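Undergrad: According to our numbering, the sequence shown is numbered sequentially starting from 8.
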Amino acid sequence: MKQSIRAGLMLVVAALVVLAAFPAAAKVRGRVVEYRDGTVTMKGYLAWDPALKGKRPGVLVVHEWWGHNEYARKRARMLAGLGYTALAVDMYGEGKQAPHPDDAAAFAAEVMKNGNLMKDRFMAAMNLLKDQPTVDPGRIGAIGYCFGGAVVLNMARQGVDLAGVVSFHGSLATDRPAEPGGIKARVLVLNGAADRFVPPEQVGAFAAEMARSGAEFGFISYAGAKHSFTNPEADAFAKRFGLDVAYDARADRRSWAEMKRFFHLCFSGG
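What follows is the structure, given as structure tokens:
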């Protein structure tokens with residue numbers, strides 16, 4: 008009898024330990040939000056922790072070329088679990104998603120070839136985030152994945168007033184390089200060393216551009232990591248579509264940890 012009571016108590020304690028390990032996940036809330044860029048309805052996703060009091064930094068999450076999907080929303084919830092209010096943005100309009108890489112390439116190209124459209128849609132999301140009662144409008148950052156990484160880098164190049172931007176396996180090329188003194192945001196690029204979509208010459212050109220602009224930037228490359236190394240679905244995409252992408256759990260963990268340190272520095276004024 009004593010042994011069964013002791014075993015039962017041990018199970019209760021173990022359950023409490025597991026629950027205590029995930030306090031943020033239980034608190035975080037998310038909801039779909041609609042906003043507009045001109046006549047186009049954008050469908051985003053806002054995540055926050057209602058248990059936190061007062062205003063906090065806000066972070067925009069820009070999706071991969073697949074469009075605004077559950078992966079972007081998951082990252083927004085993870086940021087909310089860190090104490091930020093996060094908005095997974097919609098860069099294509101109407102929450103449009105691509106079923107095939109050809110569609111994804113077309114959707115992404117429509118935005119990338121039009122710098123004004125890109126900025127208008129980004130700013131529409133940023134203004135929505137700033138207006139949230141939980142957000143300190145003077146402390147806004149942005150992260151992006153693949154296509155989204157290119158977007159946040161281009162917003163920094165255009166002088167958008169952001170505390171910091173983080174690109175995860177994003178393209179570094181641009182037709183509109185930063186002007187000297189034109190970048191206000193701190194910049195962090197988290198790159199896969201085996202990413203064939205970001206060749207060494209692109210890396211070199213980006214580093215030279217950042218140096219010329221006088222930007223405060225960091226660049227970390229993860230050995231063996233391919234394109235889309237943060238997305239657990241990358242292996243399925245590779246198999247289904249023959250893409251040279253792959254998930255790398257170690258690089259995923261390390262890059263997220265680097266992002267956390269980076270934003271702590273950005274938002275603390277360090």
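Glycine residues also receive a C-beta, built at the ideal position from the N, C-alpha and C atoms. Only a predicted model underlies this, so the values are computations on that prediction, with no experimental measurement involved.
#1: Sort out for me which residues DSSP pairs S228 with in a bridge.
#2: DSSP on P140, reduced to helix/strand/coil?
#3: Does the distance from the CB of L67 to the CB of A149 come in under 8 Å?
#4: Give me the Cα-Cα distance between F274 and N238, rounded to the nearest whole angstrom.
#5: Check for me: the alpha helix (DSSP H) holding A214 runs from which residue to which?
#6: Can you name, in chain order, every residue of its own chain whose Cβ lies under 6 Å from the Cβ of R146, other than the five neighbours on each side?
#7: Is DSSP giving W72 helix, strand or coil here?
#8: Ordered along the chain, which non-local residues of its own chain (more than five positions away) have a Cβ less than 7 Å from that of V39?
#9: Are R128 and M162 close, meaning C-beta to C-beta below 8 Å?
#10: Just to confirm, are L59 and L94 a CB contact at a threshold of 8 Å?
#11: Taking the alpha-carbon positions, what's the V194 to E265 distance?
#12: What are the residues that DSSP puts in a beta bridge with Y42?
#13: Do A200 and S228 have their C-beta atoms within less than 8 Å of each other?
#14: Quick check on the DSSP output: the beta strand (DSSP E) that includes G155 runs from which residue to which?
#15: Once DSSP output is grouped into helix, strand and coil, what is the label at R146?
#16: Going by beta carbon distance, what residues of the same chain come within less than 7 Å of G90, once the five residues before and after it are set aside?
#17: Is the CB-CB distance between H234 and D255 below 8 Å?
#18: Residues in the same chain with beta-carbon distance under 8 Å from F269, minus the five sequence neighbours each way, listed in chain order, please.
#19: Tell me whether the stretch 110 to 120 and the stretch 69 to 87 touch, counting them as touching only if at least three CB pairs, one residue from each stretch, are closer than 8 Å.
#20: Taking the straight line between their C-alpha atoms, what separation do you get for R82 and R260?
#21: Rounded to the nearest angstrom, what separates K120 and A222 at their Cα positions?
#22: With DSSP run on the structure shown, which of helix, strand or coil describes P108?
TA: By the coordinates alone:
#1: N198
#2: coil
#3: yes
#4: 26 Å
#5: Per DSSP, A214 belongs to the alpha helix (DSSP H) from P207 to S220.
#6: So the qualifying residues of the chain are P64, A170 and F274.
#7: Three-state DSSP puts W72 in coil, outside helix and strand.
#8: K50 and Y52
#9: no
#10: no
#11: 12 Å
#12: As computed with DSSP, Y42 is found in a beta bridge with M49.
#13: yes
#14: Segment F154 to R164 is the alpha helix (DSSP H) holding G155; no beta strand (DSSP E) there.
#15: Strand, per DSSP.
#16: Excluding residues within five positions, the ones whose Cβ falls inside 7 Å are D56, L59 and R63.
#17: By the CB criterion at 8 Å, H234 and D255 fall outside the cutoff.
#18: G171, V173, R193, L195 and G225
#19: Between the stretch 110 to 120 and the stretch 69 to 87, the count of Cβ pairs shorter than 8 Å is three or higher; the stretches touch.
#20: 13 Å
#21: So the alpha carbons of these two residues sit roughly 24 Å apart.
#22: Three-state DSSP puts P108 in a helix.
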